[in-house]
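Colleague: Here it is, the structure, as structure tokens.
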Amino acid sequence: MRLGIMTTHFAALVVLASLVLTGCQSFHREPDNSLYLQLGERAGIADVVEDLLYLIVDDTRISHQFKGINVAQFHRHLTDQLCELSGGPCEYAGREMRESHAAMGITNTQFNALVENLILAMEENDVPTAAQNRLIKKLLPMYPDIRHL
Amino acid sequence: MTRFSSKRGAVIFTPLLAMGVLAIPLASADIGSRLWATGGVTTIEGSAGGGLVPWALLGSYASDEEWGGTVAISRAEVDDYTLAVIGASLNWNNRVEVTFARQTLDLSSLKQDELNQDIFGVKVRLMGDALYSPWGQWSAGVQHKRQQDFTVPEAIGARDNGGTDVYFAGSKLFFAAMFGRNLLVNATVRGTRANQGGLLGFGGDLNNNYEFMAEAGAGVFINRQWLLGAEYRQKPDNLGLAPEDDWWDLFIAWVPDRRLAVTAAFVNLGDVATLKDQQGVYLSLQGSF
Ligand code: HEM
Chain A
1 MRLGIMTTHF AALVVLASLV LTGCQSFHRE PDNSLYLQLG ERAGIADVVE
51 DLLYLIVDDT RISHQFKGIN VAQFHRHLTD QLCELSGGPC EYAGREMRES
101 HAAMGITNTQ FNALVENLIL AMEENDVPTA AQNRLIKKLL PMYPDIRHL
Chain B
1001 MTRFSSKRGA VIFTPLLAMG VLAIPLASAD IGSRLWATGG VTTIEGSAGG
1051 GLVPWALLGS YASDEEWGGT VAISRAEVDD YTLAVIGASL NWNNRVEVTF
1101 ARQTLDLSSL KQDELNQDIF GVKVRLMGDA LYSPWGQWSA GVQHKRQQDF
1151 TVPEAIGARD NGGTDVYFAG SKLFFAAMFG RNLLVNATVR GTRANQGGLL
1201 GFGGDLNNNY EFMAEAGAGV FINRQWLLGA EYRQKPDNLG LAPEDDWWDL
1251 FIAWVPDRRL AVTAAFVNLG DVATLKDQQG VYLSLQGSF
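Sequence lines, in order, name chains A and B. For the first sequence, position 5 matches number 5 in the numbering used here, and the numbering has no gaps at all. Positions in the second sequence are counted from 1; adding 1000 to them yields the numbering used here.
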């Protein structure tokens, strides 16, 4: 009798667990693209990157680093990178971060300046605070590569 | 603020004003590059942190190629006392922070004059970056304290009118940690002999040695201008005549711009110099350059 109750409970637990697990699985099968949507999809991200470029040009802390770059390519590559990172249907075709930022000697000051400009560009495009924070969180792992630490 | 118009206030403020004047040419140059509100605010002991606890963050917005500094005035009004603090700091390359603070505790409710203390501080960032390093930022510091009015502390059993606190602190900003909001977490260990932070002198009849105290703070950035949080500071209990409690506070900081930070808090200082359960409000204004 006692065993019977326990088996029933156990069975119920197994059913519940499998429901929860499959529920989670089907939820995760689709990549989470909520951040991508909050950023306004690829077009919204492209606008942010464009505003970021204007801010960089005006920022004497970092503008010298960007002298003579291929602006169209930089714009396309950064847009694709942020699109892909945020769960969007893009594929980043540029170089690895360590390679593309080689020989620049990027300092903490310059990194801060770029993040500041990115935040300002997102604000100009009405990206909600939570989405701004989530995007920056995804960029953090690149910090040692970009600074060549 | 009436106290600041007193003669002593004038003596205190003259060097600050001079600093302010000196700061003008600096202020017109670019302010530091660290992100908004990531310099913390000025604690009651002058070091960068929250209100009561020094954090691993260094004051001002100076990043690794920059100089920066802050000036601050603060005031805590609890049931029977008023603590007024002025402080100033310099930061070189986000590596070394040098601070000065003068505290004035009004004792009129004990039918005494006031207690003054000067605090000279140095904090060094040992490693890491609170924002970008996965393991956070770690700093060590000293606060050398000189109690200027020793009659009352001595009468209740304090041994020395000067002392040096040493501390080790870690801070980490977790991006998008709570509902997409950034979370700042700090933990500090302090070695100290100070009674009520040193205002009641150092050492006493119950204990005269250095002891380790745990301190902590955490805050959530509602957005990049508003930080909401709490702090806790464990305290020694060296004086038999004046039992001492741990401190805690709930704070809200508003940083409209890198140049200005306004902090308001509810503080609970517990029993202070024989008077029970001291609670009240704390207000602090900080300018950065
Ligand atoms: C989170 C921070 C950063 C991200 C996500 C990022 C991302 C990128 C990407 C995707 C590219 C294109 C690479 C390619 O076309 O192959 C790029 C190129 C570049 N980045 Fe960054 N970057 C960051 C920080 C910085 C900083 C702080 C600086 C300098 C101040 C900088 C300077 C450059 C320059 C000058 C290029 C052009 C290189 C070239 O085309 O030769 N980046 N970055």
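Note that the Cβ used here is the ideal one computed from N, Cα and C, for glycine as well.
Which chain A residues are close to residue 1293 of chain B, counting only those with a beta carbon under 9 Å from its beta carbon?
Modeller: There is simply no residue 1293 of chain B to check, as chain B begins at 1001 and stops at 1289 in what is shown.
Colleague: Starting from residue 1145 of chain B, follow its DSSP beta bridges and name the residues at the other end.
Modeller: B/1119 and B/1163
Colleague: So, for residue 1202 of chain B: in the same chain, excluding its five sequence neighbours on each side, which residues have a beta-carbon less than 6 Å away from its beta-carbon?
Modeller: Within the same chain, residue 1202 of chain B has close Cβ partners 1160, 1163, 1193 and 1194.
Colleague: Can you check whether the C-beta of residue 1252 of chain B is within less than 9 Å of a C-beta belonging to chain A?
Modeller: no
Colleague: So which residues on chain B does residue 125 of chain A lean against when the C-beta distance must stay under 9 Å?
Modeller: Residues of chain B whose Cβ lies closer than 9 Å to the Cβ of residue 125 of chain A do not exist; the shortest such Cβ separation is about 16 Å.
Colleague: Is the Cβ of residue 1167 of chain B closer than 9 Å to any Cβ of chain A?
Modeller: Closer than 9 Å: no.
Colleague: Flag residue 88 of chain A as yes when its Cβ comes closer than 8 Å to any non-hydrogen atom of the ligand MN, and as no otherwise.
Modeller: In terms of ligand content, the structure shown lacks the ligand MN and carries the ligand HEM instead.
Colleague: If we define contact as Cβ-Cβ less than 9 Å, is residue 85 of chain A a contact residue for chain B?
Modeller: no
Colleague: If I measure Cβ to Cβ from residue 1095 of chain B and keep anything under 6 Å in the same chain, skipping five residues before and after, which residues do I get?
Modeller: 1125
Colleague: Taking 8 Å as the threshold, find out whether the stretch 33-42 of chain A comes into contact with the stretch 82-100 of chain A through three or more Cβ pairs.
Modeller: Per the Cβ contact rule, the stretch 33-42 of chain A is in contact with the stretch 82-100 of chain A (3 or more Cβ pairs under 8 Å).
Colleague: Label residue 1147 of chain B either buried or exposed according to how many other C-beta atoms from any shown protein chain fall within 10 Å of its C-beta, with 16 as the threshold for buried.
Modeller: buried
Colleague: Nearer than 8 Å: is that true of the beta carbon of residue 36 of chain A relative to any heavy atom of the ligand HEM?
Modeller: no
Colleague: Could you confirm whether any beta carbon from chain B is found closer than 9 Å to the beta carbon of residue 131 of chain A?
Modeller: The beta carbon of residue 131 of chain A falls within 9 Å of a beta carbon belonging to chain B, placing the residue at that interface.
Colleague: Rounding to the nearest angstrom, what Cα-Cα distance links residue 1179 of chain B and residue 1221 of chain B in this structure?
Modeller: 11 Å
Colleague: Does the stretch 1040-1052 of chain B come close enough to the stretch 118-127 of chain A that 3 or more CB-CB pairs lie under 8 Å?
Modeller: no
Colleague: Output yes or no for whether 9 Å exceeds the beta carbon distance between residue 1288 of chain B and residue 1258 of chain B.
Modeller: yes
Colleague: At a Cβ threshold of 9 Å, is residue 1033 of chain B touching chain A?
Modeller: yes
Colleague: Give, in chain order, every residue of the stretch 1049-1066 of chain B whose Cβ lies closer than 7 Å to some Cβ of chain A.
Modeller: 1063, 1064, 1065 and 1066
Colleague: State the start and end residues of the unbroken alpha helix (DSSP H) segment that holds residue 34 of chain A.
Modeller: 34-38
Colleague: Could you tell me how far apart the beta carbons of residue 1040 of chain B and residue 1057 of chain B are, in whole angstroms, since I believe they sit closer than 8 Å?
Modeller: 4 Å
Colleague: So, is residue 141 of chain A buried or exposed, given that buried needs 16 or more other C-beta atoms within 10 angstroms?
Modeller: Exposed, by the Cβ-count rule.
Colleague: Excluding sequence positions up to five away, which residues of its chain have a Cβ less than 6 Å from the Cβ of residue 1241 of chain B?
Modeller: 1156 and 1157
Colleague: Note down, in chain order, each residue of its chain lying with its Cβ closer than 7 Å to the Cβ of residue 1060 of chain B, except the 5 sequence neighbours on either side.
Modeller: 1032, 1039, 1068, 1069, 1070, 1089, 1091 and 1288
Colleague: Any heavy atom of the ligand HEM closer than 8 Å to the Cβ of residue 1086 of chain B?
Modeller: The nearest non-hydrogen atom of the ligand HEM is 8 Å or more from the C-beta of residue 1086 of chain B.
Colleague: Pull out every residue of the stretch 1175-1188 of chain B whose Cβ sits closer than 8 Å to any Cβ of chain A, in chain order.
Modeller: The residues in question are 1175, 1176, 1179, 1180, 1181 and 1182.
Colleague: I need the DSSP call for residue 1104 of chain B, collapsed to helix, strand or coil.
Modeller: In the structure shown, residue 1104 of chain B sits in a strand (DSSP, three-state: E or B).
Colleague: Along chain B, which residues have their Cβ under 7 Å away from the Cβ of residue 57 of chain A?
Modeller: Within 7 Å Cβ-Cβ: nothing; residue 57 of chain A doesn't reach chain B, min ~16 Å.
Colleague: In chain order, what residues of the stretch 1102-1131 of chain B put their CB closer than 9 Å to some CB of chain A?
Modeller: 1129 and 1131
Colleague: Looking at the structure shown, is residue 100 of chain A part of a helix, part of a strand, or coil, going by DSSP?
Modeller: helix
Colleague: Taking DSSP as the reference, what is the three-state secondary structure of residue 73 of chain A?
Modeller: helix
Colleague: Can you tell me where the beta strand (DSSP E) with residue 1278 of chain B in it begins and where it stops?
Modeller: Element bounds for residue 1278 of chain B: 1275-1288.
Colleague: Can you pull the chain B neighbours of residue 136 of chain A, defined as C-beta to C-beta under 7 Å?
Modeller: By Cβ distance, chain B contributes 1175.
Colleague: So which residues on chain B does residue 112 of chain A lean against when the C-beta distance must stay under 7 Å?
Modeller: 1033, 1034, 1035 and 1063
Colleague: Quick check: what's the CA-CA separation for residue 65 of chain A versus residue 138 of chain A?
Modeller: Rounded to whole angstroms, residue 65 of chain A to residue 138 of chain A spans 23 Å at the Cα level.
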